[in-house]
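What follows is one structure encoded as structure tokens, with my remarks underneath.
There are 2 protein chains.
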Amino acid sequence: MSAEPMVGGLAVILCEPQLGENIGAVARAMLNCGLTDLRLVNPRDGWPSEPARAAAAGADIVIDGVRLFDTTEAAIADLQHVYATTARLRDMVKPVMSPDAAADRMVAETAQGGRCGVLFGRERSGLTNDQVALADAAVTFPLNPGFTSLNLAQAVLLIGWEWRKRTAEPMPAETVPAISPPATHGDLVHLFAHLEAELDTGGFFHPPEKRGHTIRNLRNLLTRANMTEQDVKTLHGVITALVQLRRRG
Amino acid sequence: MSAEPMVGGLAVILCEPQLGENIGAVARAMLNCGLTDLRLVNPRDGWPSEPARAAAAGADIVIDGVRLFDTTEAAIADLQHVYATTARLRDMVKPVMSPDAAADRMVAETAQGGRCGVLFGRERSGLTNDQVALADAAVTFPLNPGFTSLNLAQAVLLIGWEWRKRTAEPMPAETVPAISPPATHGDLVHLFAHLEAELDTGGFFHPPEKRGHTIRNLRNLLTRANMTEQDVKTLHGVITALVQLRRRG
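Residue numbers (full-length UniProt numbering), protein chains in the order written: chain P, 1 to 249; chain A, 1 to 249.
See below:
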């Protein structure tokens, strides 16, 4: 499967990742978000890595494009805007922001032709102070303060998700599959007439002074269903079937 | 560790989850987002589940609070607004929206006292058409169309993330740890004077007509560093140390 070309996409830099399968899970998370630039600094178990490829679950384009570096400095040498993900605020004078704010900045920076990347540290311990100091800003994930426990691929996914939302074609707020065209209001009025006639016959509206109110409630209810032409036909059939039951019974 | 009480939080319903460890990973993802209401419909490997507890990695409050149901209908019986996550649009007249739009709706519904929940299907196959039909709306994840491959816990995480962003105390857009107070502009001017005097002595500004322009560049650069009082002291020391090197050399 091919990823969409994502011009100016983010670089994801894993600093001393420990497990190959976590690298693969990162690759998979990245490709979900259309990111393909994965850089590894001193992976503990070396590279290439069969566990990584397996865990990438088809994200081969990312695995195949992995670049290796001996140091974090080397991995970010070509980047102009580097963000360090960190759970703990440190004794360092470094701007700290949420993934939303970081994504806003990275989108703006990329639009001006800048190259951005995000650093992620070792699975258990995260980035060191020296690694964070290399970055322009730190990013923390505003999660449950009583339980913040993202794994590496999830952290990458959230960054990629915020990036993608701002850069990919937006999804419409709400759509409905066009299986059948929406019913016209003439269709609806005809349906109301059918239903209300049968309900009148069946003595449903009592006391009579409540008839208008109940009819409006029914019409509001049925209108909220946003019926299609097919739906209207189906309901005519339902009413008819129920009436025939009533007649037989 | 205790979760923050999240009044009116979402219910997460897993329909026929296959692996206990995936259930545990879901619990972990939920608690990161402050969600604790996990419901299981017919888990394949039964319940309780030691692999689930292990994979929950400390999210015991969620594991301990799991409720079991025989059918999806039973699991959602008390909910008023149900959303079904699905990868594939189906031949059904059902509103489809992004997690952002669904989260907007669920926040509004919860604010009016409504109870909301989100359905997730089996790990490999997702929800069935019958299960999706039970919901008020479908939710799809706008990811790379060439590679959409979220695992169950990641799907739950993204829903929880969008929910949490709208309901938890927002993180400030950008903060800097207050290790030392910001320098005053008097401090900065004093630093500029020190630096520029030493640069004049060293014959740095040549040709003379460029002096004003270069000084402005330096002052802009140093001002962009948003220095603290401590930074200014440090730079005074740096200038002095370099000058002493120059004198000795």
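Ideal Cβ positions, reconstructed from N, Cα and C, are used throughout, including at glycine. Keep in mind it's a predicted model, so treat the numbers as computed, not measured.
If you look at P/Val132, you'll find it in the alpha helix (DSSP H) that goes Asn129 to Ala133.
The straight-line gap separating the alpha-carbon atoms of P/Val139 and P/Ala225 is approximately 44 Å. Look at the stretch 3 to 49 of chain A and you find these whole runs of alpha helix (DSSP H), each 4 residues long or longer: 20 to 32.
Under the Cβ criterion of 7 Å, P/Phe192 is not counted among the residues facing chain A. The Cβ of P/Arg39 sits no closer than 7 Å to any Cβ of chain A. The CB of P/Met92 comes closer than 8 Å to the CB of Pro177 and Ile179 in chain A, given here in chain order.
Pairing P/Leu10 with P/Arg67, the inter-Cα distance amounts to about 14 Å. Between the stretch 147 to 154 of chain A and the stretch 185 to 200 of chain A, the count of Cβ pairs shorter than 8 Å is below three; the stretches do not touch.
The C-beta of A/Glu174 comes closer than 7 Å to at least one C-beta of chain P. Shortest Cα-Cα distance from P/Trp161 to any of A/Arg164, A/Pro172 and A/Phe141 involves A/Phe141. Taking the CA atoms as reference points, P/Gly249 sits about 27 Å from P/Arg219.
Below the 8 Å Cβ cutoff, chain P contributes no neighbours of A/Ser125, its closest Cβ being approximately 16 Å away.
Per DSSP, the beta-bridge partners of P/Ala84 are P/Leu119 and P/Ala138.
Under the three-state reduction of DSSP output, A/Thr72 falls in the helix class.
Going by beta carbons, P/Thr167 and P/Gly126 fall outside the 7 Å limit.
Boundaries for A/Phe204: no alpha helix (DSSP H) harbours it, and the DSSP string shows neither H nor E there. Runs of the beta strand (DSSP E) lying entirely within the stretch 172 to 230 of chain A and spanning at least 3 residues: none are present. Taking the beta carbon of A/Leu10 as reference, no residue of chain P falls within 9 Å; the closest one sits roughly 14 Å away.
Of the other Cβ atoms in all chains shown, 16 or more fall within 10 Å of the Cβ of A/Phe147; this residue is therefore buried. Using a Cβ-Cβ cut-off of 8 Å, A/Thr148 is close to Asn32 of chain P, given in chain order.
The Cβ atoms of A/Phe204 and A/Arg211 lie no closer than 7 Å to each other. Of the residues assessed, A/His185 falls on the exposed side of the cut-off, its CB having fewer than 16 other CB atoms within 10 angstroms. Short of 6 Å from the beta carbon of P/Ala25, and not among the five residues preceding or following it, lie these beta carbons of its own chain, in chain order: Ala55 and Ala153. Contact of P/Ala101 with chain A by beta-carbon distance below 7 Å involves Ala173 and Glu174.
Considering only A/Val132, A/Ala108, A/Met171 and A/Ala137, the residue with the shortest C-alpha distance to A/Thr72 is A/Val132.
Contact of P/Asn129 with chain A is not assigned, every C-beta pair being separated by 7 Å or more. With a threshold of 7 Å between beta carbons, A/Met97 makes contact with chain P. Take P/Asn42, set aside five residues on each side of it, and the residues of its chain with a beta-carbon closer than 6 Å to its own are Glu16, in chain order. At a cut-off of 7 Å, the C-beta of A/Arg166 has no neighbouring C-beta in chain P.
Going by C-alpha positions, A/His81 is about 8 Å away from A/Glu109. For A/Arg28, the residues of chain P that pass the 7 Å Cβ criterion are Ser149, in the order they occur in the chain.
Between the alpha carbons of P/Arg122 and P/Thr36 lies a gap of roughly 20 Å.
For P/Arg164, the closest of P/Ala103, P/Leu242, P/Pro177 and P/Ala183 by C-alpha to C-alpha distance is P/Ala103.
Straight-line spacing of the CA atoms in P/Gly114 and A/Val118 works out to 39 Å. Rounded to whole angstroms, the gap between the alpha carbons of P/Met171 and P/Arg28 is 22 Å.
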